[in-house]
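*Asks:* In terms of my numbering, the numbers along the sequence shown are unbroken and rise by one, the last being 291.
Even glycine gets a Cβ: it sits at the ideal position worked out from N, Cα and C.
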Amino acid sequence: MRDSLAPMLTSLLALAVQAATAAPLPSDPVESDWRDIPAEELLVMTLAGERQIVIRLAPRYAPVHVANIRRLAAAGWWDAASVYRVHDNYVVQWGDPTEKKPLPEGVIARPPAEYDWPAFDAVTRLTRTDPYSTATGHSADGWPLATNGQVAWLPHCYAMVGVARDLAPSTGSGGDLYAVIGHGPRHLDRNIAIVGRVLEGIEHLSALPRGTEGGLGLYKETSQHVPFVRGRLASDLPESVRPRFQYRAADNVRFAAWIKARENRQPPFFNLPSGGVDICNVMPPVRRAP
2 MRDSLAPMLT
12 SLLALAVQAA
22 TAAPLPSDPV
32 ESDWRDIPAE
42 ELLVMTLAGE
52 RQIVIRLAPR
62 YAPVHVANIR
72 RLAAAGWWDA
82 ASVYRVHDNY
92 VVQWGDPTEK
102 KPLPEGVIAR
112 PPAEYDWPAF
122 DAVTRLTRTD
132 PYSTATGHSA
142 DGWPLATNGQ
152 VAWLPHCYAM
162 VGVARDLAPS
172 TGSGGDLYAV
182 IGHGPRHLDR
192 NIAIVGRVLE
202 GIEHLSALPR
212 GTEGGLGLYK
222 ETSQHVPFVR
232 GRLASDLPES
242 VRPRFQYRAA
252 DNVRFAAWIK
262 ARENRQPPFF
272 NLPSGGVDIC
282 NVMPPVRRAP
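1) Less than 6 Å between C-beta atoms, sequence neighbours within five positions excluded: which residues of the same chain meet that for Ala-258?
2) Using a Cβ-Cβ cutoff of less than 7 Å, which residues in the same chain neighbour Thr-130 once the five nearest sequence positions on both sides are dropped?
3) Among the candidates Asp-37, Trp-78, Leu-14, whose CA atom is the shortest distance from the CA of Gly-232?
4) Look at Trp-118 and Gln-247 and say whether their C-beta atoms are less than 8 Å apart.
5) Just how far apart, CA to CA, sit Leu-206 and Thr-125?
6) Please return the same chain residues whose Cβ sits closer than 7 Å to the Cβ of Arg-243, not counting the five positions on each side in sequence.
7) Taking the alpha carbon of Leu-44 as the reference point, which residue from Val-67, Ala-23, Ala-24 has its own alpha carbon closest?
8) In the structure shown, what three-state DSSP assignment does Arg-263 receive?
9) Would you kindly check if the distance between the Cβ of Ala-165 and the Cβ of Tyr-179 is under 8 Å?
10) Are the beta-carbon atoms of Val-287 and Leu-48 separated by less than 8 Å?
11) Between Val-87 and Val-162, what straight-line distance do the alpha-carbon atoms span, to the nearest angstrom?
12) Short of 8 Å in beta carbon distance, which residues of its chain neighbour Ala-74, apart from the five on each side in sequence? Order them along the chain.
13) What's the call for Pro-156, buried or exposed, on a 16-neighbour Cβ count within 10 Å?
14) Around the C-beta of Ser-174, are 16 or more other C-beta atoms found within 10 angstroms, so that it is buried, or is it exposed?
15) Using only alpha-carbon positions, find the residue among Ala-290, Arg-289, Val-283 that is nearest to His-139.
16) Do Val-84 and Leu-200 count as a contact pair if the criterion is CB distance below 8 Å?
17) Going by C-alpha distance, which of Gln-53, Leu-209, Asp-80 is nearest Asp-97?
18) When DSSP labels each residue in this structure, what does Ser-134 get in the three-state scheme?
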């Protein structure tokens, strides 16, 4: 098996070297395409063992839930929280497994259902629709979007972060969150508030042991829970340890060319371009600020 993989790996390495030395493509970003993500939009969570997870929050799309999350971070809510659910090919969920911890002052226990909103403010639009929407695209500031022509929403793609809730009328306070770690469960779209996206450290969540309880990926024993040691907004951290990230702006011809290239993969590796792409396979690029 190893011998059969060697030629393919050699070819892929040669392609990577060729790409690194080739002339710029129309889809390549220029430096001004990279925009800073505000520190108050970055939630920095640390699992035991100093495993850091950085989440970009989406206050424009879920303002009340994100306001709750900011208050929870300021109050140190996640300093004694834990991962208590790891559902294979689905989600990792964390927060208060006892469901008895009182919420900090100012946190709204039942926010409005921020599952969708009237305006589809995408600056791009993918060529093909999907089973869950009539159009998908990207906001100028780097969020994937979907619409049915009447309302718009953030889709459940890999590494997107949502607010765990009970049955309606519960909408989730934000104290318990989950991150998608499998194939995008788009059937959850417009049923739960999406509040962000993991920018870095998703491997610390996706590689955790799977839970087996109740068919929901819950850990059977509390000894299996994976503790958090802290959760803070980047804006509340010292400058020396504050992570800085940038998103790639989507409101330019280079981003449009990038989408077209993703929809029409080319030889020598691809022999049959598909002519379209799922929104979850064109997640807006992000990077550590240089």
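*Replies:* According to the structure data:
1) Excluding positions up to five away in sequence, the list reads Pro-27, Ser-28.
2) Take Thr-130, set aside five residues on each side of it, and the residues of its chain with a beta-carbon closer than 7 Å to its own are Ala-136, in chain order.
3) Residue nearest to Gly-232 within the set Asp-37, Trp-78, Leu-14 is Trp-78 (criterion: CA-CA distance).
4) In this structure, Gln-247 does not lie closer than 8 Å to Trp-118 by Cβ.
5) Using only the alpha carbons, I get a separation of about 30 Å.
6) By the criterion of a C-beta distance shorter than 7 Å, Arg-243 is surrounded in its chain by Ala-40, Ala-235, once the five residues flanking it on both sides are discounted.
7) Distance check between Leu-44 and each of Val-67, Ala-23, Ala-24 places Val-67 closest, using alpha-carbon atoms only.
8) The answer is helix: DSSP assigns Arg-263 an H, G or I state.
9) Yes, they are a contact pair.
10) No Cβ-Cβ contact shorter than 8 Å links Val-287 with Leu-48.
11) The C-alpha of Val-87 lies about 14 Å from the C-alpha of Val-162.
12) Within the same chain, Ala-74 has close Cβ partners Leu-44, Gly-232, Arg-233, Leu-234, Asp-237.
13) Here Pro-156 is buried. Its C-beta has 16 or more other C-beta atoms within 10 Å.
14) A residue is called buried when at least 16 other Cβ atoms come within 10 angstroms of its Cβ; Ser-174 meets this threshold and is buried.
15) Checked all of Ala-290, Arg-289, Val-283; the closest Cα to His-139 is Val-283.
16) Annotated as distal: Leu-200 and Val-84, with beta-carbon spacing of 8 Å or more.
17) Of Gln-53, Leu-209, Asp-80, the residue nearest in Cα terms is Asp-80.
18) DSSP, read as helix, strand or coil, puts Ser-134 in strand.
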